[in-house]
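Numbering (mature numbering (1 follows the signal peptide of the UniProt record, and there is no 0)), first residue to last: -17 to -1, 1 to 270.
Structure below.
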């Protein structure tokens, strides 16, 4: 389930149009991860996502940036969200009404001193999902800017490939890992790791520690959650090296973006028929 791709600066986003996946991980039933979503374009999954209400899905800004910036009314017709399945490309399919990425997101393809800043996006569905054993939202952090303790066990999940440029996993996978201190994460990267980032350790696959387990192409935008799977704390953003490298996984820290996320989640009620295009938002009515 390894997700990091190799590039001078690889992220599960699209420096070269790649989206990240978990390298090995272990197969998991959707009933145990009912908040897991798949973002599809032209019926093919491009990124992961996380259901946080009956109408809203969190994902990475780099997954939707081009969609929002370039003719959103056209692209939205080709974007759908899948939920409720343990299998890649399967599930209940929902159209998209609105896509928003954080205003201060910087295109991952632009060279900056920082590791992909503000890599957060919210997708609003055209209609509410039907909740059941395989479809349930996960809680957002209760407190804005709350921190996650170093060494805390966490779970990352997705349909990412098992190695760079390989096919995505046919089944949903998850991996138990641990939160890494920011200074230790920073020591591994040339880019600045911000307080709004969260890093986790990659787990050695073999005794010689030649290969490591973590996110990989296709995992981008997916969830990092608490070990009890009750709260989402991170969104898969990216990393350096190949999918089996020892470079830490990097996530957007959800608690730092609660104001933006909650604002987007309240938008449907306030503007149910809003259709204009905003610099960081695309909007349309879909089925």
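The beta-carbon is built from N, C-alpha and C at its ideal position, and this holds for glycine as well.
- Residue pairing by DSSP places residue 52 in no beta bridge whatsoever.
- Its Cα nearest to that of residue 44, the residue 83 stands out among 28, 13, 83.
- CA-to-CA, the gap between residue 174 and residue 233 works out to about 11 Å.
- Comparing alpha carbon positions, the residue from 68, 115, 229 closest to residue 167 is 229.
- For the set 154, 185, 249, the Cα lying nearest the Cα of residue 31 is the one of 154.
- Bounds of the alpha helix (DSSP H) holding residue 168 are 165 to 171.
- Secondary structure of residue 61 (DSSP, three-state): helix.
- Only buried fits residue 103, as 16 or more other CB atoms lie within 10 angstroms of its CB.
- The stretch 22 to 30 makes no contact with the stretch 129 to 137: fewer than 3 CB pairs, one atom from each, lie closer than 8 Å.
- Where residue 16 is concerned, there is no enclosing alpha helix (DSSP H), because DSSP gives it neither an H nor an E.
- Residue 15 and residue 137 have their alpha carbons spaced roughly 14 Å apart.
- Shown here for residue 96: same chain residues with a beta carbon closer than 8 Å to its own, the five before and five after excluded, namely 174, 175 in chain order.
- Out of 247, 219, 241, the CA that lies nearest to the CA of residue 235 is found in 219.
- For residue 90, the closest C-alpha among the options 50, 35, 141 is that of 50.
- Between residue 182 and residue 231, the C-beta gap is smaller than 8 Å, which places the two residues in contact.
- Between residue 68 and residue 13, the alpha-carbon positions lie close to 6 Å from each other.
- Per DSSP, reduced to three states, the secondary structure at residue 80 is strand.
- Note that the C-beta distance between residue 20 and residue 40 is below 8 Å.
- Take the alpha-carbon of residue 127 and the one of residue 24: they are about 32 Å apart.
- Judged by DSSP in its simplified three-state form, residue 119 adopts coil rather than helix or strand.
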